[in-house]
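Q:
Protein chains in written order, with my numbering: chain A, 21 to 312; chain B, 21 to 312; chain C, 21 to 312; chain D, 21 to 312.
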C-alpha cells in the first residue's frame, strides 16, 4: 500500500518503522526533516511538503495536539487541500472529540475519507508494533485500513461508525489511567503513614486483585518518586484531562474524579512540575499528608 | 492443630470447610448454631459457648463488623476471658484499625497472642480455599499461623509486626476497588452518552491496559445494571469506606477520592439502595448524566 | 458626553435609560432594533449599524457572551474598524479573561482605548442605576469613564491597570455566589432531613452571621424550589463557571469548589434544567439525599 | 433564678459574668477552680463538686467537646446523678447530634428536663452578652430558660421540640462558615495570581454582595496570612466538620463541600497547623497554586 505518514515524534518513528517492515511504500513528512533520516536509509522516501506525503491511498497523521493537527490538516497546503478524492486520512493523534468531528465533516465535504484511530501504548510499544489501535469510522474504511493497523498494532478495537467515538474512547481510557494514578497515590500515602512498607503493599495488590500492568508500573513510579525523565509528560496529561472534561461538558456528563485529577495537574504544574512524568500527580496525596 | 472458629457467615463456612479438609481439629461457634450442622456432620465439633471454641492453640474470628467483634472478643464470656495464656487469636474480620490496635493491647495484657489476618476474596474463593490472606503481627506468630493460612488461602502477604497494619492494608485495598467502580462508572457514563457501545469499550479496556479481573467484573455489573442480589452489600461498602476515612483521619491523610466514594454511598442509600451490591455506586454517574 | 451603547438586553436597556437620564447624548445599536423604541422616544438616537454607534467619545458594549462580543467588536464593520483613534471602548459584558486581553491588545494596536467594566447587579439594579461597576484599565481612561459609571452604577471599584483583571474579579465574584448556592443547598438538605424547619433555620442564619442579601435571596429560592422563571439562567451560570475554570487553568490555580459547582451545573442541565434559574443547582444536594 | 454553670473556658466565663450581672444566683464549677476567682469576687459562689452546681433550677454546661460533656454529665457524681427531678439542664457546648439525643433520653429517664442551646459568637460576644442562642427542646422548657438566654445572648432562635436539632443547626452553621473560608481562599488565590490586589478585591466583595461580617473577617485573615494566635483553633474546626459529616452520615446526606473542607483540615494538621486558627484552611488554595 502507498502510505504517507506525517509526524515523526517518538510514536510516529516506531509506527513508520513497522509500516516499512510490513512492505508498504512509505513517504514521510516531518516539520524538522532530520528525524526521517534513519527511515529513509531503510527505504522510506522523504516528503518535502505535506502535499508530497498525500499522494498515496492513505495518509496517517501522528501529531502532538489539536493545534498541530489543525495546522497540518486544515492549514494552507495541508492534508485537506492535498489529498485525492477518495483517499483516506487516518488520524492517530490524541486530539479532541470536537476537532475529530470537524475533520470528519471537512474530509466528507472534500470527497475524502477519514478514520480516527488513536492508539494505546508507549514509544517502546510503537517500536515493537505492539500498539493497541482504537478505531472508528465507516466500516469499509476500517476494513481498508486493516493493513496499516496490523503493521503498527497487536490488536484493533472498533468503536463504531462515528470517527469521534475513537477519540472519546482513547481519552476516557487515559482518564482511567489517571484515576489509577490518583487512587494509588492516595492509598500509598495512607499505608505509608500507617507504617506499612509500600513495596510489600504494592506486591500484595498486584499479586491479587490489581494484576494489571498499570498498577505495577505506576505504583512503582510513585513509591520511588521517580518522575524524571518523563515517559509521558505532565503537560500532556493536563492536556488530555482537559480534553476529557471538554468532551464531558459538551455531552453534559459530570465526572467528579476527572475534575479532581485536573486540579491535581494544576497543582503539580503550579509548583514546578512541568518537566515531570504525569504519574507525579500520584505523589501529591503524600505531600498533602506531610509524608515527605 | 486444634482450632476454634467463631463466625459462620458465608466466608466463615468456607474457611471452616478448608480447615477441616486440611485435617485440623475444628471447634465451631456461631450465634445461631444451625449454621454448623453440615460441618459437624463432616467431623467438626459444635462449641456451645465462645469459651468452648477457645480451648485450642488458635481461635479464628470471622465476623461482620466492629460491634460483633467487640461483643465476641471483649464481651462477658468472650475470647479475652476464655483464651489460655499463650494461645493465639487470629482476627480475620474486616474491622477498624483502631479496634485492631485495642485488641492487640488487650490480648497482650492478658498474656495471649494476637494476629490480624483479614482476607481478600468473595465466598466462592473462601469455599475453594483460594483466599488471599493479609497478615500482620509478631513474626513468630505469623509463622505459627501458617497452617491456618495455607488451609484457607492461596497466598499470604505479610504487612509487618503491627497487627493493625493488616487491617489498614485490607481497608485501603477495598478503597482501591471502590475507586475502580467509581472511575469505571464515570468513564462508562461518558462513552455511553457519546454513542459508544459500552460492552465493546469494556472489552477494549480489559484486553489492553486494564486486564485485572475487577475491571471485567465490575464493568459488566455496571453495564448490565445488575446490582441484585448483592455479592457484597452496599451497606458493607459504606461501612468500609467509613473505616478507611476514620483511619485516614487518625493518621491525618486527606483522601479526596475516598471522600467522593463515601458521598456516593450516602446518595445510593438515601435513594433506596440498601439492598444492592456495592457496585451500584458505579451507576450514579450515569444517573447524574441523565443517561437512564 | 456622546456615547454609543451596543446591546439592549435586560441589562443594557436599564443602563441606557440611566445614561439618557444623566443627560448624555446616546446612540443605540441592537441586532433586533425594536428594543430601542422606548428609548428613542425619550431622546436616544437609533444607530442603524455598529459603526453609527461608534462616532462618539465612548462606546459601551453590553452583550451576552464571548461570541457576541467577538462578532460585534472584531467582526467586519465592528467596533474595532469603526471607532476613532483615541476613542474609548468600555466592555461591560461578562466575558472571558482571555478575550478581554485580546480586545485590549487589538484596541491598542488600532490606536483606540479600552476599559473592561463588568457589573454586579440584576436587571432591576440596572434600571435603577444601582449597579456595582468593576473597572480596570489605564487610570486616565477610568477617570474619563467616570460620568458613564456614575450614571449606571452606585459605586465603582478599580481593579488596576490591566483590563482583564476586572473580568477576573467579576467572574470570581460569580464563583463566590455559586459557592454560596451550593453550600446553602447542602446545609438546607441536611437540616431538612434532620427535621428542622428550613425557613426558621434560614432566618437564624440571615439574622446572625450570614446577613448578606444573597443568603436570604438564594436560601429562599432553594427552600421554595422556585427556579422558574430564571432571574439568571442556569446556562449562563454554567458559562460563567466554565470561564472561571478556564482562567484558573491558564493561571494554574486549582479550585476544587469551582470544579464541584461545574459538575452540579452539568448534572442539572443533563437532567432537564435548561430553563431554570442558576440557583437550581442548590436543589441537587436535597435530591441526592432523597429529600423529595 | 438559681443557676449552676459548669465550664469556665473563654466562653463560659463571659456567660457567667452576664448571668451574674442580670442578678441571678450563680454557682460555678470548673475542673481547675482558679478560673472562678474573679467571678466569685463579684458574688458568684464556687461549687467544689459538680453536684454542688446542680442544686438550683437550672444548670448550664459549656464544655469543649463530647468527651468532656460525657464525663461531666454521665460520669460518676455527674449532672445526671445530681440534678433534682424536674430541674433543667441547658447544654450549650458544641457537641454531636448523637450525644445530644442520648442526653435527652438520659435526662428524660431520670425525670429531669433537657434543652440544647449552643451559641454563635466568639469570646468577645460572650463577654458582651451578645451571643446568638440556638435552642431546641420542649416549648415550656425554652420558655423557662428565657431569662438565661436573655442574659447571655442578644437573640434566641427556636429550632423546634427535638433538642438535637439545635446541635444540628449549630454544626451546619459552622459548616457554612467553613465553606465561606474555603471559597474565599480559592477566589483570593485566583485573583492574587491574576495580579489583582486582594485587599481591593475584598473591599469590592464586602461592599457589594458579600456584606456579611464573616467575609470581611475571614477574608482579612486569609490576606494577611495571620493565623496565630487562634481565635478558634484548627483542631476544633476539624472536630466540628467531623461532627457535621457524622450527622450527615447518620441522616444519609452527601455533603461534597463538607468532605472537601474536612480534607483541607487534615492537610493543614498534617503539615503542622495544629496551633493555627481554623481560617488557615483558607490559605491552602494559595499554597496549591504556588502563590507563596
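Virtual Cβ for every residue (Gly too), placed ideally from N, Cα, C.
Just so you know, these numbers come straight off a predicted model, no measurement behind them.
Who are the Cβ neighbours of residue 112 of chain D in its own chain at under 7 Å, not counting the five residues just before and after it?
A: 80, 81, 82, 137, 138 and 139
Q: Hey, could you find the ends of the alpha helix (DSSP H) residue 187 of chain A is sitting in?
A: 183-213
Q: Helix, strand or coil for residue 100 of chain B? Go by DSSP, reduced to three states.
A: helix
Q: DSSP puts residue 45 of chain B in a beta bridge; with which residues?
A: For residue 45 of chain B, the beta-bridge partners assigned by DSSP are B/22.
Q: Looking at chain B, is there any beta carbon in it that lies within less than 8 Å of the beta carbon of residue 308 of chain C?
A: yes
Q: Count the other CB atoms within 10 Å of the CB of residue 133 of chain B; is the residue buried (16 or more) or exposed (fewer)?
A: buried
Q: Is residue 115 of chain C a contact residue of the ligand NAD, with contact defined as CB to any heavy atom under 7 Å?
A: Questions concerning the ligand NAD fall outside what the structure shown contains, since it holds no ligand whatsoever.
Q: Pick from C/62, C/52 and C/47: whose alpha carbon is nearest that of residue 71 of chain C?
A: C/47
Q: Name, going along the chain, the residues of the segment 271-297 of chain C whose beta-carbon falls closer than 8 Å to a beta-carbon of chain A.
A: Taking 8 Å as the Cβ-Cβ cut-off, the segment 271-297 of chain C approaches chain A at 272, 273, 274, 275, 276, 279, 280, 282, 283, 284, 286, 287, 289 and 290, given in chain order.
Q: Do you know offhand how far residue 37 of chain C's Cα is from residue 147 of chain C's?
A: 7 Å
Q: Would you list, in chain order, the members of the segment 72-90 of chain A that have their beta-carbon closer than 9 Å to a beta-carbon of chain C?
A: Cβ contacts with chain C come from no residue of the segment 72-90 of chain A.
Q: Is the segment 277-297 of chain B touching the segment 235-250 of chain B in the sense that three or more CB pairs, one from each, lie closer than 8 Å?
A: Between the segment 235-250 of chain B and the segment 277-297 of chain B there are three or more inter-stretch CB-CB distances shorter than 8 Å, so the stretches are counted as touching.
Q: May I ask you to report which of helix, strand or coil DSSP gives residue 70 of chain A?
A: Residue state, collapsed to three classes: coil.
Q: Sorted by chain position, which residues of the same chain lie with C-beta nearer than 6 Å to residue 221 of chain B's C-beta, five sequence neighbours on each side aside?
A: Excluding residues within five positions, the ones whose Cβ falls inside 6 Å are 211.
Q: Looking only at its own chain, which residues have a Cβ that is under 6 Å from the Cβ of residue 202 of chain D, when we skip the five neighbours before and after it?
A: 281
Q: Identify whether residue 220 of chain C lies in helix, strand or coil by the three-state DSSP scheme.
A: Reduced to three states, the DSSP call for residue 220 of chain C is helix.
Q: In its own chain, which residues sit with a C-beta less than 7 Å from the C-beta of residue 162 of chain B, not counting the 5 before and 5 after it?
A: 135, 155 and 178
Q: Kindly indicate if chain C contains any beta-carbon less than 8 Å away from that of residue 49 of chain D.
A: no
Q: Between residue 52 of chain D and chain C, is the shortest Cβ-Cβ distance under 8 Å, so that the two count as touching?
A: no
Q: Which residues of chain A have a Cβ atom closer than 9 Å to the Cβ of residue 242 of chain B, listed in chain order?
A: Going along chain A, no residue has its Cβ under 9 Å from residue 242 of chain B, so there is no contact; the nearest lies around 13 Å.
Q: State whether the segment 263-279 of chain A contacts the segment 166-181 of chain A, with contact taken as three or more CB pairs (one from each stretch) at a distance under 8 Å.
A: no
Q: Report buried or exposed for residue 184 of chain A, applying the criterion of at least 16 other Cβ atoms within 10 angstroms of its Cβ.
A: buried
Q: Identify each residue in the segment 252-272 of chain D for which the Cβ-Cβ distance to at least one residue of chain B is less than 9 Å, and report them in chain order.
A: 258, 262, 265, 268, 269, 271 and 272
Q: Which runs of the alpha helix (DSSP H) at least 4 residues long sit entirely within the segment 122-154 of chain B? Give them in chain order.
A: 143-147
Q: Check whether the segment 60-67 of chain B touches the segment 81-95 of chain B, taking contact to mean three or more Cβ pairs, one atom from each stretch, closer than 8 Å.
A: no
Q: Taking C-alpha atoms, which residue in A/266, A/274, A/275 and A/303 lies nearest to residue 284 of chain A?
A: A/303
Q: Who are the Cβ neighbours of residue 143 of chain B in its own chain at under 7 Å, not counting the five residues just before and after it?
A: 30, 31 and 34
Q: Do the segment 232-239 of chain D and the segment 220-235 of chain C meet, that is, are 3 or more Cβ pairs less than 8 Å apart?
A: Short answer: they touch.
Q: Quick check on DSSP: helix, strand or coil for residue 175 of chain D?
A: strand
Q: Out of B/228, B/189, B/289 and B/225, which has the shortest C-alpha to C-alpha gap to residue 152 of chain B?
A: B/189
Q: Which residues bound the beta strand (DSSP E) around residue 81 of chain D?
A: 78-81
Q: By the three-class DSSP mapping on this structure, what secondary structure does residue 156 of chain D have?
A: In the three-state DSSP reduction, residue 156 of chain D falls in the strand class (E or B).
Q: For residue 65 of chain C, which residues does DSSP report across the bridge?
A: C/47
Q: Would you kindly check if the distance between the Cβ of residue 24 of chain B and the Cβ of residue 74 of chain B is under 8 Å?
A: Yes; because the gap between Cβ atoms is below 8 Å, this pair is in contact.
Q: Answer with yes or no whether the minimum CB distance from residue 30 of chain D to chain C is below 8 Å.
A: no
Q: If we call anything under 8 Å between Cβ atoms a contact, is residue 76 of chain D one with residue 50 of chain D?
A: no
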